[in-house]
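Under my numbering, think of the first position of the sequence shown as 1, with each following residue one higher. Backbone N, C-alpha and C fix where the C-beta goes; we use that ideal spot for every residue, glycine too. If you're wondering where the values come from, they're calculated on a predicted model, not measured in any experiment. Structure record follows, encoded as structure tokens.
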Amino acid sequence: MDLAASGQSYVARAEWTTVADAASLRVYPTAAGRQASTRLVDPGQAWAEVLRLAPDADKPGMREQFVCHWRFAEFAQPGKVSWNLEPWRPQVDTAAMITSRCNPGAAEESA
């Protein structure tokens, strides 16, 4: 079931912040987004919502980080307030992305 087709958003908001002098995009999923992400719904609509909210998120590696969070965050850390994407992280293959818990190149930053 495509919740977005029923008029529900997957992303409540997306906000840029700086952590340890590095940019980080905080993506705040809605309840519908969390639910959809656990049901193997394609992440394309949700990523499009992120880009509408933060057009400058369209950088190498950012979509891949988002897709990783979309597919695994609610299983690994249910209810995590935000899914954090960083443009400075390296582009890696899917296996490395999963192994790094969606945070290639360094551990997840702490805000």
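Three-state secondary structure (DSSP) of residue i
| i | result |
| --- | --- |
| residue 90 | coil |
| residue 37 | helix |
| residue 20 | coil |
| residue 96 | helix |
| residue 104 | coil |
| residue 28 | strand |
Residue i and residue j closer than 8 Å at C-beta
| i | j | result |
| --- | --- | --- |
| residue 83 | residue 29 | yes |
| residue 57 | residue 67 | no |
| residue 10 | residue 65 | no |
| residue 74 | residue 18 | no |
| residue 22 | residue 86 | yes |
| residue 104 | residue 97 | yes |
| residue 63 | residue 47 | yes |
Proximity winner among the options, relative to residue i (alpha-carbon distances)
| i | options | result |
| --- | --- | --- |
| residue 76 | 25, 100, 48, 87 | 100 |
| residue 25 | 78, 79, 61, 93 | 61 |
| residue 140 | 94, 55, 105 | Shown here, the chain extends from 1 to 111; a query on residue 140 therefore has no answer. |
| residue 33 | 92, 81, 88, 106 | 81 |
| residue 53 | 102, 12, 41, 20 | 12 |
Of all the alpha helix (DSSP H) runs that stay within the bounds of the stretch 32-87, which reach a length of 4 or more residues?
Listed in chain order, they are 44-53, 62-76.
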